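In what follows, a single structure is set out as structure tokens and then discussed.
Residue numbers (the numbering used here): 2 to 132.
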């Protein structure tokens with residue numbers, strides 16, 4: 002495990018993985034004081050580099066209202082970006098969003114598409130959902 006100082010150095014130099022890890026630490030308050038503003042900032046920097054884990058975490062923040070005004074449309078946008086970059090969790094979440102109509106109209110066809118795509122990548126939740 003990388004030290005916080007080393008992670009911060011790598012994140013400041015533009016390393017999307019380190020930026021995302023710092024975002025997670027700040028979002029969870031793990032080893033640092035919980036700070037959603039810093040978490041979002043690090044996730045956004047990594048997200049600008051199309052880093053799927055950061056995009057997913059931004060979707061979670063907006064979907065849950067963690068340190069931001071809850072905004073299901075922004076959550077949907079970030080989950081779509083993450084899903085397009087191969088994030089299984091984002092694909093599953095999109096299936097849930099479209100099946101339940103969260104922040105968008107219900108769309109069973111899109112829901113099935115995202116569930117099946119997540120299932121192809123091994124999401125057990127999706128395989129149960131499709132059964």
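We put the CB at the ideal spot given by N, CA and C, even for glycine.
Computed from a predicted model, the values in this text were never measured in an experiment.
For a test of the three-state rule: what should DSSP assign to residue i, helix, strand or coil?
i: residue 3; result: coil
i: residue 52; result: coil
i: residue 13; result: helix
i: residue 106; result: coil
i: residue 30; result: coil
i: residue 61; result: helix
i: residue 114; result: helix
i: residue 35; result: coil
i: residue 68; result: coil
Please report the distance separating the alpha-carbon of residue i from that of residue j.
i: residue 132; j: residue 92; result: Below a pLDDT of 50, predicted positions are generally treated as unreliable, and residue 132, at 49, falls in that range; the measurement from the model is reported next regardless. Near 17 Å, if we compare the C-alpha coordinates of residue 92 and residue 132.
i: residue 12; j: residue 41; result: 14 Å
i: residue 49; j: residue 85; result: 14 Å
i: residue 116; j: residue 55; result: 21 Å
i: residue 75; j: residue 63; result: 6 Å
i: residue 97; j: residue 7; result: 37 Å
i: residue 19; j: residue 78; result: 23 Å
i: residue 107; j: residue 80; result: 16 Å
i: residue 21; j: residue 66; result: 18 Å
i: residue 47; j: residue 109; result: 31 Å
i: residue 24; j: residue 10; result: 14 Å
i: residue 14; j: residue 3; result: 15 Å
i: residue 105; j: residue 114; result: 16 Å
Going along the chain, which residues of its own chain have a beta-carbon closer than 8 Å to the beta-carbon of residue i, five neighbours each way excluded?
i: residue 38; result: 68
i: residue 71; result: 63, 64, 65
Counting only the same chain and skipping the five closest in sequence on each side, list residues whose C-beta sits under 6 Å from that of residue i.
i: residue 103; result: 73
i: residue 29; result: none
i: residue 119; result: 89, 92, 93, 127
i: residue 51; result: 86
i: residue 43; result: 20, 23, 24
What residues in its chain sit with their C-beta under 7 Å from that of residue i, if we drop five residues either side in the sequence?
i: residue 90; result: 57
i: residue 83; result: 53, 56, 57, 60, 91
i: residue 111; result: 99
i: residue 32; result: 5, 26
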